[in-house]
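Contents: one structure, followed by commentary.
There are 2 protein chains.
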Amino acid sequence: MNGYELTRFFDAAPRWVWSAPQSQIYPTLRQMEQAGLIEGQKEIRGTRLKRTVYSITERGVEELRTWLGTSHAPAPMRDSFSLQALFFDMIDADRAAPVLKAYIAEQEQLITEWRAHREALLAKDTDLLKERLKNRPPAEHDRIAGLKANVFAGQVAVAQARADWARESLRLLTEGV
Amino acid sequence: MNGYELTRFFDAAPRWVWSAPQSQIYPTLRQMEQAGLIEGQKEIRGTRLKRTVYSITERGVEELRTWLGTSHAPAPMRDSFSLQALFFDMIDADRAAPVLKAYIAEQEQLITEWRAHREALLAKDTDLLKERLKNRPPAEHDRIAGLKANVFAGQVAVAQARADWARESLRLLTEGV
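Residue numbers (the numbering used here), protein chains in the order written: chain C, 5 to 181; chain Z, 5 to 181.
Structure below.
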C-alpha cells in the first residue's frame, strides 16, 4: 500500500476497529521505515516520483507477532456517551430523548455495516483478505476467515448491547423507573 | 471538591466511565475558572493557602446542560484489542490464548466492580449521589438513582458481550471453526 491508499483505508473506518487521522499516516510511515519495520519502494514515472509503495520487513513481522502475543494494559476509560448519560437527570426528558435516539441510530448503523463486513469476511470476499490468503495454505483459509469474521461478530454484539441499553434508558427517562 | 480530591476521584476510575491524568486536573481547573464555568474558594490556614475548593457557577451549569442535550459525533474508533484479535491468525494459538484469557479476566473484573457500583447507586449509597440528592426533591430521588444505576447496567452488558465474544474466540482458536 502507499500513503494515499492507507488514508483511504482509514477513512472507510466505521466498519473498522481503528482509525488514523491523515496527518499521522506519512510521519508514521517514515518512522516505521527508519525503525526497519517497513520498506518503501519508490515508483518513478519518467523523471517524476510517482509514489512510494510500502511493505512489511521480516523484522516488522517479528515485531508485530510479539505485539500480538502480548497482553497490553487497557487504554484509559473515555466513554463520553456514558458520561453524558450519567447526568441526564439534570435536563428535561424531552431534551435527553433525542440524544438517546441519535445514539441508537448510530449503533444500528454500525451493526448493519459490521454485520455486512462479517459476511464478506466469511465469504472470503474482501480485497484485503483475498490478498492475505494468497500467501497462506488453502487448508487454513476457513480458519483465518472465521477468526477475522468473529472479531466483527464481537463488535456487533457490543453495539447491540449499547443499543439495548439506550432503549432501556429511553424508557426510564420517559416512563420513570 | 479540590484538585487533590478530583485526582483521587479519577484514580478510582475502573468503575467509572472517564479517566483523567493527574497532569490535566490543575490546568483544566484553571481554564474552567477563567471561562467562568467554576469558581475557586481559597481556604487559608494562618498565613498559608491550605487549598482551593471549586464549585460550579450558574453559567457552568448552563453550559453543562447544553452539552448534555446535544448529540456529539462519536470519538474516532480506537479499539486496540479488536485490532490485535484481527491478526491472531498470524501467531500460534498457544500464544494468542493467554492474551484472550487475560482479556476475559479483565472484563470479569470490570463486571464485578460495575455491578457493585450499580447496586450502590440503586441503594443511594455513594458519597457523590448522597451529596447530589441533597439539592433535589425527594420525589425525584428514585428516578435519579435509577437513571445513574442504569448507566452501569449498560457498562456491565457491554463487558459481558466482550467476555462472551472472547470466550468464543478462544474456542475458535483452539478447536477450529
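C-beta atoms are modelled at their ideal positions from N, C-alpha and C, and glycine is treated no differently.
Treat the numbers as computed from the prediction; the structure is a model and nothing was measured.
Is it buried or exposed for residue i, if we count other Cβ within 10 angstroms and need 16 for buried?
{"i": "residue 127(Z)", "result": "exposed"}
{"i": "residue 148(Z)", "result": "buried"}
{"i": "residue 76(Z)", "result": "exposed"}
{"i": "residue 88(Z)", "result": "buried"}
{"i": "residue 58(Z)", "result": "buried"}
{"i": "residue 134(C)", "result": "exposed"}
{"i": "residue 152(C)", "result": "buried"}
{"i": "residue 107(Z)", "result": "buried"}
{"i": "residue 21(C)", "result": "buried"}
{"i": "residue 132(C)", "result": "exposed"}
{"i": "residue 155(Z)", "result": "buried"}
{"i": "residue 27(C)", "result": "exposed"}
Between the alpha carbons of residue i and residue j, how many angstroms are there, rounded?
{"i": "residue 181(Z)", "j": "residue 91(C)", "result": "Caution is warranted here: a pLDDT of 49 is assigned to residue 181(Z), below 50, making its placement in the model unreliable, and the coordinate value is therefore given only provisionally. Spanning the two alpha carbons is a distance of roughly 44 Å."}
{"i": "residue 14(Z)", "j": "residue 25(Z)", "result": "8 Å"}
{"i": "residue 18(Z)", "j": "residue 49(Z)", "result": "For residue 18(Z), the pLDDT reaches just 49, beneath the cut-off of 50, and the residue's location in the model is therefore unreliable, although a value from the coordinates is still provided. Going from the Cα of residue 18(Z) to the Cα of residue 49(Z) covers about 35 Å."}
{"i": "residue 112(Z)", "j": "residue 159(Z)", "result": "12 Å"}
{"i": "residue 29(C)", "j": "residue 11(C)", "result": "7 Å"}
{"i": "residue 138(Z)", "j": "residue 54(Z)", "result": "27 Å"}
{"i": "residue 114(C)", "j": "residue 61(Z)", "result": "38 Å"}
{"i": "residue 173(C)", "j": "residue 86(Z)", "result": "27 Å"}
{"i": "residue 72(C)", "j": "residue 35(C)", "result": "20 Å"}
{"i": "residue 51(Z)", "j": "residue 23(C)", "result": "53 Å"}
{"i": "residue 5(Z)", "j": "residue 97(Z)", "result": "49 Å"}
{"i": "residue 63(Z)", "j": "residue 44(Z)", "result": "14 Å"}
{"i": "residue 143(C)", "j": "residue 129(Z)", "result": "57 Å"}
{"i": "residue 46(Z)", "j": "residue 56(Z)", "result": "4 Å"}
{"i": "residue 124(Z)", "j": "residue 118(Z)", "result": "10 Å"}
{"i": "residue 39(C)", "j": "residue 65(C)", "result": "13 Å"}
{"i": "residue 8(Z)", "j": "residue 145(Z)", "result": "29 Å"}
{"i": "residue 37(C)", "j": "residue 136(C)", "result": "21 Å"}
{"i": "residue 141(Z)", "j": "residue 105(C)", "result": "28 Å"}
{"i": "residue 150(Z)", "j": "residue 150(C)", "result": "40 Å"}
{"i": "residue 1(C)", "j": "residue 31(Z)", "result": "The first residue shown for chain C is 5 and the last is 181, placing residue 1(C) beyond what the model contains."}
{"i": "residue 120(C)", "j": "residue 120(Z)", "result": "37 Å"}
{"i": "residue 179(Z)", "j": "residue 179(C)", "result": "47 Å"}
Using DSSP's beta-bridge definition, name the partner residues of residue i.
{"i": "residue 53(Z)", "result": "48(Z)"}
{"i": "residue 118(C)", "result": "For residue 118(C), which the question treats as bridged, DSSP gives no partner whatsoever."}
{"i": "residue 43(Z)", "result": "59(Z)"}
{"i": "residue 22(Z)", "result": "82(C)"}
{"i": "residue 6(C)", "result": "57(C)"}
Under 8 Å by Cβ, that's how I've got residue i and residue j pegged, so tell me the actual separation to the nearest angstrom.
{"i": "residue 177(Z)", "j": "residue 100(Z)", "result": "6 Å"}
{"i": "residue 81(Z)", "j": "residue 69(C)", "result": "That pair is no contact at about 24 Å."}
{"i": "residue 165(C)", "j": "residue 162(Z)", "result": "5 Å"}
{"i": "residue 67(C)", "j": "residue 41(C)", "result": "6 Å"}
{"i": "residue 157(Z)", "j": "residue 122(Z)", "result": "6 Å"}
{"i": "residue 170(Z)", "j": "residue 84(C)", "result": "So it is not a contact: roughly 24 Å between Cβ atoms."}
{"i": "residue 74(Z)", "j": "residue 103(C)", "result": "7 Å"}
Is residue i close to chain B? Criterion is C-beta to C-beta, closer than 9 Å.
{"i": "residue 100(C)", "result": "In the structure shown, chain B cannot be found, because the protein chains are C and Z."}
inquiry  = Give me the subset of the stretch 80 to 91 of chain Z whose CB atoms are less than 9 Å from a CB atom of chain C, sorted by chain position.
reply    = 80, 81, 82, 83, 84, 85, 86, 87, 88, 89, 90, 91
query = In the stretch 48 to 65 of chain C, which residues sit with their C-beta less than 7 Å from some C-beta in chain Z, listed in chain order?
reply = none
task = Check distances from the C-beta atoms of the stretch 6 to 33 of chain C to those of chain Z and list, in chain order, the residues that come in under 7 Å.
result = 17, 20, 21, 22, 23
query = Along the stretch 123 to 136 of chain C, what residues have a CB closer than 8 Å to any CB found in chain Z?
reply = none
ask   = Between the stretch 154 to 166 of chain Z and chain C, which residues of the former have CB atoms less than 8 Å from a CB of the latter, in chain order?
value = 154, 155, 157, 158, 159, 161, 162, 164, 165, 166
task = Would you list, in chain order, the members of the stretch 136 to 150 of chain Z that have their beta-carbon closer than 9 Å to a beta-carbon of chain C?
result = 136, 140, 144, 146, 147, 148, 149, 150
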